[in-house]
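The block underneath contains the structure these notes are about, expressed in structure tokens.
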Amino acid sequence: MDLNSSCVSCSETEKMDILEEYDMISQEDLDDIKESISTQDLPSAINTIKDYLKKQDLVELNIGVTGESGSGKSTFVNAFRGLGDEEEGSAETGPVETTMEPEAYLHPKYKNVKVWDLPGIGTPNFKANEYLELVQFERYDFFIIIASERFRECHTQLAKEIKRMGKTFYFVRSKIDSTITAEKRKKNFDQKKTLDTIRDDCKNGLRKIGIEDPVVFLISSFELGKYDLNQLQERMEKELPQHKRRVLMLALPNITLEINEKKKKALEANIGKVALLSALVATVPVPGLSVAVDLVLVKKEIETYYNAFGLDDPSLQKLCEKSGKTIEELKSLMKSPLRFGINMASLVSLLGAASVVVAENAVEYVMSVIPIIGSLVAGGMSYVTTSTMLKRALNDIAEDARNVLMASVGTPV
Ligand SMILES: Nc1nc2c(ncn2[C@@H]2O[C@H](COP(=O)(O)OP(=O)(O)OP(=O)(O)O)[C@@H](O)[C@H]2O)c(=O)[nH]1
Ligand SMILES: [Mg+2]
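So in my numbering the end of the sequence shown lands on 522, straight run, no missing numbers.
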């Protein structure tokens, strides 16, 4: 990537994007941060900045997974968090009724993402309103209603009640892999046609029992990346409030190219904030503060990238077990200079390289895109340097993740 082109000669749209990112930090927050760092010593100033970034990672996402007993709720709860059914922290699954009370399962990497395994619906005297009270419906950002065969009256009753309570739900038809396996035995098997038929059938069923404009997502928790996961993910993203979208996108397992791309976008949106903080710190006259904070900020961001794309060592290890590849094979597909570890030495060199390249035209550029704090920033190159560095690292890491993903699902890179 050409470092210059990404920042110095940027288009009007890019400038607008940067300004929008800037808007995501309130003036009050900016003043607070600046105030506290100018009165603190180096270590506490760094902690203030870290705390600020941590705050945004505390946004909670609560997903309620419901459906009839045996429909595959617990298996979905595990797959959605990137876990197998027998891994540590996974929900118990099996052919006999296992889930009796709402239970929260935390995402292994993002503890603020909770996927709730809810009790089965559809028992003879099932009442949707009582059920929703029982599971404390207010706590969920949205519900996923799972059916493994046909949708029944209990599903619509629940959907209508959820809607009445002002919440969102998504219908999922589960275990699509086994339906496809069964259909494959027929002579004129056509996968797309079969999927369309199942989808239409589910929709018709739902219409008949009173849902006006049904949308159904076909999912297999055994092969989550196949079938309708992308559509479901898009819909959830679109309907979530802005500040929760990032949480969802980071937490989703990196199992389709579309999700890979979305993760990159969600991470990119944070670069402006980090760079702005780094620029603010550069205006504080404490010797050594600016570089030290830049390194802390950048290291944290780059670690977030590796985690979000599942390129951290534990995730790679899991991927090896699933795909039959070795760690060496997967690592050989990765080109980012940071793949052997994010340490201070590699970061200092990345930082150095970025600042040399962007230094020449940067002052003018910063003044033009951030008029409000432009004069403050002129003292340091941090805004442009940090964002250039992070954009470059993110591009490399997203590309590595794409290659690893394609290799692990058997597509030649
Ligand atoms: N083929 C296939 N089987 C699945 C899938 N999801 C779940 N199953 C199987 O269906 C059975 C029930 O799955 P669970 O996830 O335990 O179902 P549940 O809805 O949590 O059941 P309860 O806790 O009893 O309400 C298990 O044997 C799972 O292995 C899937 O996507 N494909
Ligand atoms: Mg269960």
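Glycine included, C-beta positions come from ideal geometry on N, C-alpha and C. Since we're looking at a predicted model, the values are computed, not measured.
In this structure, residue 267 lies away from residue 320, with their beta-carbon atoms at least 8 Å apart.
Here residue 175 carries a strand assignment [DSSP, helix/strand/coil]. Looking at the DSSP output, residue 230 bridges to 177. Here DSSP, grouped into helix, strand and coil, assigns residue 318 to coil.
Around the Cβ of residue 379, a 10 Å sphere holds 16 or more other Cβ atoms; the residue is buried.
Of 362, 422, 344 and 375, the smallest CA-CA separation from residue 352 is found for 375. With a cut-off of 7 Å, the C-beta of residue 188 is classified as distant from ligand 2, since no heavy atom of the ligand falls inside that distance. Residue 245 and residue 299 have their C-alpha atoms some 43 Å from each other. Taking 7 Å as the cut-off, one finds no heavy atom of ligand 2 near enough to the beta carbon of residue 223. The Cβ-Cβ distance between residue 199 and residue 187 falls below 8 Å. Residue pairing by DSSP puts residue 252 in a beta bridge opposite 173 and 278. Taking the Cβ of residue 303 as the reference point, every heavy atom of ligand 2 lies at 7 Å or farther away. DSSP lists no bridge partner for residue 260. If you check the CB distance, residue 366 and residue 511 come in under 8 Å. Of the residues assessed, residue 502 falls on the buried side of the cut-off, its CB having 16 or more other CB atoms within 10 angstroms. Where residue 213 is concerned, there is no enclosing alpha helix (DSSP H), although the beta strand (DSSP E) around it starts and stops at 212-215. Beta-carbon to beta-carbon, residue 184 and residue 330 are separated by about 4 Å, close enough to satisfy the 8 Å threshold. Bridge pairing for residue 327: 282 [DSSP]. With respect to residue 241, residue 369 sits apart: the two C-beta atoms are not nearer than 8 Å. Looking at the DSSP output, residue 223 bridges to 171 and 215. As the crow flies, the alpha-carbon of residue 383 is around 17 Å from that of residue 359.
Per DSSP, reduced to three states, the secondary structure at residue 244 is coil, with no helix or strand assignment.
Note on geometry: alpha-carbon atoms of residue 218 and residue 416 lie some 8 Å from one another. Judged by their CB atoms, residue 496 and residue 381 are nearer to each other than the 8 Å cut-off. Residue 445 sits in coil when the DSSP states are folded into three classes, being neither helix nor strand.
Between ligand 1 and the CB of residue 331, the shortest heavy atom gap is smaller than 7 Å. A heavy atom of ligand 2 is found nearer than 7 Å to the CB of residue 183.
CA-CA distance, residue 258 to residue 404, rounds to 53 Å. Closest in alpha carbon position to residue 182, among 211, 235 and 148, is 211. The beta carbon of residue 279 lies closer than 8 Å to those of 251, 252, 253, 254, 324, 326, 341, 344 and 345 in the same chain, with the five residues before and after it left out.
In the DSSP assignment, residue 423 falls within the unbroken alpha helix (DSSP H) covering 422-432.
Within the chosen limit of 7 Å, ligand 2 does not reach the beta carbon of residue 290 with any heavy atom.
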